[in-house]
Each structure stands twice: as C-alpha cells, then as structure tokens.
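Take a look at the structure below.
Right, dumping it as structure tokens:
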C-alpha cells in the first residue's frame with residue numbers, strides 16, 4: 290500500500306518533504322514582512338514601523354560591533370551578558386531548590402505533608418503580581434530580578450520533580466533496602482540520579498517562563514539587559530533594534546534548549562531510551 | 005528434618021478495613037527449602053509476601069526470620085520482584101555490585117568497590133551467564149536477562165531467605181521455562197532457601213520442594229453468613245521432590261494428578277474443605293486453630 294505523502298491520518302512525509310514543510314511558515318512570515326515593509330516604504334521612505342532588512346542590519350551592527358559613544362560598551366553583548374547572568378542565577382537556584390524540595394517531598398511522606406500544600410499555594414501566586422513587593426523589599430538591583438525568576442520557576446520545578454519521584458516504583462526502594470542501603474543512600478544515590486534528566490527536562494520547560502519574568506523585571510527597572518534595551522528604544526519606535534533583539538533572544542532560547550536536550554541525550558542514555 | 009527454621013510465621017492476621025486478607029496463617033520453613041506459594045487471586049499471597057518482606061505490618065501475629073522478628077525491609081531477606089527490581093541508571097555490573105557499594109558506607113563516600121567485591125560480582129554474573137552484558141543498561145536487556153540480573157543482585161548479599169514475587173510472571177513461555185530450570189539448578193548448587201510466590205499452578209508444582217496453597221475457599225466451625233469474614237489461609241502443604249527434575253515431568257500423570265488435587269483444594273470456590281480436613285502433609289506443617297474455628 291502506498292501511503293500518502295502529506296494528506297490524511299496515514300501520511301508519511303519523507304525527510305526531504307519534512308524539511309521543506311518546516312521551512313514554509315518561515316518563508317511566508319518573512320515574505321509577508323518584506324512585502325508589507327516595501328509597501329510602507331514606498332509611501333514613506335523614513336517609515337519606522339516595519340524597517341527594511343538593511344536598516345536592521347545597520348542597527349545590529351551598531352549595537353553589536355560598535356562601541357557605544359556614551360558608555361564605551363558593545364551594547365548587545367553587554368545586555369546579553371547581564372541578562373544571561375540573571376537568568377542563570379535565577380533558574381539555577383530554582384533548579385537546585387526545586388530538586389531538593391521535590392526529591393525530599395517525594396521520598397519522605399512526613400515532609401511532603403509539611404511542604405506540599407505550601408508549595409502548591411506558592412505556585413498559585415502570579416509572580417508578576419508580586420513584582421512590586423519584590424522590588425520594594427529587595428530593591429531594584431539584581432536581587433529583585435533574580436528573586437522574581439526564582440519565585441516564578443521554582444514551584445513548577447518542585448512539583449514536577451515531586452511527581453517524578455512519586456512515580457519511582459516502590460519496588461526499587463524496597464530492593465535497595467534489602468541490599469543494605471541507608472535512607473540517605475536511597476534518596477541521594479539511587480533516586481536522585483534517576484531524577485536528574487527529568488530535572489533538565491523541567492528546566493527546559495520553565496526557560497520560557499524564566500525569560501518572561503526576566504524581560505518583565507528588566508523592562509520595569511534596570512540599566513542594562515536585553516529586556517531593558519527593548520523597552521528603552523521602544524520610546525523612539527526603534528523597530529530596527531527591537532526586531533533583531535527579539536530574534537536574538539529567540540535564538541538564545543533555542544540554543545539553550547538544544548544544549549540541555551543534547552546533555553540528556555549524551556549523559557543519560559538510559560533515560561532517553563526508556564519506554565522504547 | 006533437624007535443619008534450622010529460616011522462616012517462622014504464627015497466628016498471622018492482616019486485614020484492610022473490614023476485609024480480612026490473611027486469617028490465622030501458620031507457617032514454618034526450613035533451611036534449604038524451595039517453598040512455592042500458590043493460590044487463587046485475592047487469596048492474599050502478595051500480602052503475605054509483603055508482610056515477610058516488612059513492606060507492610062500485620063494486624064497481629066509473628067513473623068520471624070532466623071529467629072528474629074522482622075521489621076522494615078533489610079538485608080535479612082533478598083527480593084526479586086516481577087518488575088522494577090533493577091535500577092535503570094546503572095549498568096548490569098553496577099546493579100549487581102550495589103549491595104556491596106552501600107554496605108556500611110557513608111552515603112557521601114565515592115562508590116568504589118574492592119577487587120574482591122568485583123570478583124564476587126563477576127562470579128555471580130558468570131553463574132547467571134551474564135558476563136557479556138556487564139556494561140549494558142537494564143533497558144538494553146531482554147526480560148529474562150533483567151530477571152537474571154535481579155537474581156544476581158539479590159544473591160550477592162547472601163540473604164538468609166530469597167523472596168520471589170511472581171518473578172517470571174512477565175516473561176514469555178519459553179524464557180519462563182528456561183528460567184525455571186535455571187533457578188532450580190541455582191537452588192540446588194547454592195543451597196538457597198527460596199520463598200516463591202506465583203499464581204501459576206504448574207510453575208508452583210514444578211519448582212517447589214514444598215508446595216503451599218493459600219486460599220480463601222474453605223470452611224470452619226465459625227459457620228456461614230454475613231458476620232463471618234474469612235481470609236486466606238494455608239489449605240494444603242505438600243512435600244514434593246528434593247531433586248531437580250527436567251521439564252518433562254510436567255507431562256507425567258502424577259504431576260497432572262497433583263495439579264488437579266491442588267486445584268480442588270484451593271482454587272475451586274465450590275469445593276470447600278473444613279479446616280480439620282486440610283492436607284498438611286509436610287513435616288514442617290503446623291497449625292493453630294482458635295476455639296471458634298474448630299469447636
């Protein structure tokens with residue numbers, strides 16, 4: 290039986306077709322942008338709303354490869370560095386706390402009874418709603434921003450790890466006990482290594498939210514950072530800077546996700562091939 | 005028999021809510037016995053195993069291993085489950101060595117095994133014909149191999165008694181038979197004491213040197229009616245062969261007769277023996293009846 294290439298439930302697209310299909314939406318997006326930009330520029334050559342590619346390239350050049358006259362810094366790299374540092378500290382702390390909390394909640398029923406309702410409660414607080422509280426109590430410096438990312442991300446990671454730990458078969462714990470393992474050995478030597486790849490997956494999923502909180506906090510009070518820059522140049526309608534910045538952020542997110550995914554594939558072979 | 009009693013259970017009761025699962029179970033197992041426990045679904049055989057393992061606590065009664073009351077699971081018994089016995093993030097060798105790694109060491113200390121321990125692990129792996137697979141992860145192994153690793157993992161600790169909970173239940177018939185022969189040889193060579201729970205009557209009759217039938221289908225002097233809530237107890241206790249026989253024996257008339265009798269004793273809800281009439285032929289068999297059960 291010949292399976293259809295594209296249409297219907299039984300479709301089995303070839304590899305070439307898959308690549309081709311994947312490119313189509315991008316071509317449509319870029320194409321319609323170029324056409325719209327062209328139309329606007331015919332009417333008004335100094336249009337700022339849909340800058341031409343050459344304008345964006347020029348702006349990117351200025352931001353990335355020319356020293357800023359006022360600060361003497363390469364702004365794009367400077368902003369990237371500042372933002373990534375906040376992101377890394379916030380997400381890193383959230384991952385560490387989430388792992389330890391979720392692991393212990395999943396293993397110790399008593400601790401779970403103590404902490405689980407509270408974590409669920411905290412996870413229901415919309416992080417952006419307490420942003421003012423964070424800025425008031427931690428100041429508008431680095432701490433407030435990192436705290437926002439941390440508070441936004443750690444409950445999600447904790448609950449995901451908790452679920453994963455709860456699903457470790459009881460048989461494994463019993464078996465380890467009959468082999469003479471102590472409870473700390475079981476928690477940190479037998480269950481935790483099994484959860485680490487799941488933690489990486491949880492981080493991958495929460496990176497999107499982490500970026501959201503980062504940009505929001507930078508937009509409100511900051512002196513550097515990718516989000517800060519976007520909201521700063523918004524005042525001058527500098528779409529020629531905003532669009533490259535957004536693309537750059539998207540690419541950073543994509544690369545981070547790819548690195549984490551590869552880490553799982555390379556370091557935790559048993560994890561990715563489970564259930565096959 | 006004169007051998008020491010590895011496992012001793014007396015007046016054991018276990019209920020979940022109003023449902024009595026184990027009802028005055030008495031059992032004594034000698035060293036070197038290959039004890040198979042079989043019974044219809046819902047008779048409480050898994051519950052009994054969990055009580056011996058210490059995974060659950062009984063309502064009343066004693067469970068002794070080597071003369072000591074059992075507590076939470078520890079090195080006093082080895083266990084092979086139907087599934088999930090292996091740790092997915094460790095290789096076969098690491099899985100087998102795990103018991104040696106964690107023995108009396110701080111959880112923070114790096115896992116280093118001595119040459120002696122490695123040799124011992126390799127010894128068991130070679131007995132279980134797994135030497136080619138030592139660097140593989142559990143998911144790369146077939147079901148039968150996984151169960152062999154789980155057996156090696158338990159055996160390296162030299163447990164006084166090896167508990168097996170339907171260990172071959174998830175295997176295809178050929179692998180299953182292969183492993184049955186295998187565990188019998190192992191039992192004979194290593195002089196193991198095994199307590200083997202299964203729902204497969206043929207498997208139980210073939211493997212056991214002693215066959216226990218646990219069933220809730222029996223009657224006693226407590227009478228009938230709503231107020232009598234009977235749970236599973238040992239309704240038959242057969243002394244089988246002491247020597248390993250080939251799988252051919254499964255086709256012999258005697259074997260078929262044994263299976264038919266066990267089916268009547270334990271598996272048929274219509275045929276209910278009175279507690280006084282149980283076939284408890286094994287020399288180790290004993291039974292304590294309350295005055296209500298036999299007046």
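Residue numbers (our numbering), protein chains in the order written: chain A, 290 to 565; chain B, 5 to 299. By construction, the Cβ of each residue, glycine as well, lies at the ideal position given by its N, Cα and C atoms. No experiment lies behind these values; they were computed from the predicted model shown.
Not a single CB atom of chain B sits nearer than 8 Å to the CB of residue 455(A). Note that the C-beta distance between residue 392(A) and residue 522(A) is not below 8 Å. With fewer than three CB-CB distances shorter than 8 Å, the region 461-478 of chain A does not count as touching the region 406-414 of chain A.
Note on residue 38(B): 16 or more other CB atoms within 10 angstroms of its CB, so buried under the neighbour-count rule. The secondary-structure analysis by DSSP pairs residue 9(B) across a beta bridge with 34(B). Each of 296(B), 241(B), 253(B), 277(B) was checked against the Cα of residue 285(B), and the nearest Cα belongs to 241(B). The beta-carbon separation of residue 489(A) and residue 552(A), rounded to 6 Å, stays under the 8 Å limit for a contact. Of the residues assessed, residue 533(A) falls on the buried side of the cut-off, its CB having 16 or more other CB atoms within 10 angstroms. Secondary structure at residue 430(A): coil, using DSSP grouped into helix, strand and coil. Residue 316(A) and residue 323(A) have their C-alpha atoms some 10 Å from each other. Residue range 481-509 is occupied by the alpha helix (DSSP H) that includes residue 484(A).
Taking CB atoms only, residue 68(B) has no neighbour in chain A less than 8 Å away.
For residue 147(B), no chain A residue has a C-beta closer than 8 Å to its own C-beta; the minimum C-beta separation is roughly 14 Å.
Taking a C-beta distance under 8 Å as the contact criterion, residue 139(B) and residue 95(B) qualify as a contact pair. Not a single C-beta of chain B is nearer than 8 Å to the C-beta of residue 392(A).
Inclusion of residue 57(B) and residue 463(A) in the CB contact set at 8 Å is warranted, their separation being smaller than that value.
Here residue 350(A) carries a helix assignment [DSSP, helix/strand/coil]. Close to chain B, meaning a Cβ-Cβ distance shorter than 7 Å, are the following residues of the region 445-478 of chain A: 458, 460, 461, 463, 464, 466, 467, 468, 469, 470, 471, 473, 474, 477, 478. Residue 426(A) and residue 385(A) have their C-alpha atoms spaced approximately 23 Å apart.
Around the Cβ of residue 359(A), a 10 Å sphere holds fewer than 16 other Cβ atoms; the residue is exposed.
Residue-level contact by beta carbon holds for residue 562(A) and chain B, with a gap shorter than 8 Å.
When beta bridges are read from the DSSP output, residue 69(B) appears opposite 11(B), 72(B).
As a beta-bridge residue in DSSP terms, residue 23(B) pairs with 20(B).
Below the 8 Å Cβ cutoff, chain B contributes no neighbours of residue 537(A), its closest Cβ being approximately 37 Å away.
Cβ proximity to chain A below 7 Å picks out 88, 89, 91, 92, 93, 102, 103, 106, 107 from the region 88-109 of chain B. Non-local beta-carbon contacts of residue 349(A) in its own chain, meaning distances under 7 Å to residues more than five positions away in sequence, involve 533 in chain order.
Taking 8 Å as the CB threshold, residue 273(B) stays off the interface with chain A. Among the residues facing chain B, residue 556(A) is not included, as its CB has no counterpart in that chain under 8 Å away.
Interface flag for residue 72(B) against chain A is unset, since no Cβ pair is found closer than 8 Å.
Per DSSP, residue 242(B) lies in no alpha helix (DSSP H); the unbroken beta strand (DSSP E) holding it starts and ends at 237-243.
Against residue 370(A), chain B offers no close residue; the least beta-carbon distance is about 35 Å (beta-carbon pairs closer than 8 Å). Buried is the label assigned to residue 200(B), since at least 16 other Cβ atoms lie within 10 Å of its Cβ. Within its own chain, the residues whose Cβ lies closer than 6 Å to the Cβ of residue 262(B), once the five positions on either side in sequence are excluded, are 209, listed in chain order. By the Cβ test, the region 398-412 of chain A is in contact with the region 439-447 of chain A, since at least three Cβ pairs between them sit closer than 8 Å. Chain-ordered listing is empty here: chain B has no CB closer than 8 Å to the CB of residue 296(A), the nearest sitting near 36 Å.
In chain order, 221 place their CB closer than 7 Å to the CB of residue 273(B), counting only its own chain and leaving out the 5 sequence neighbours on each side.
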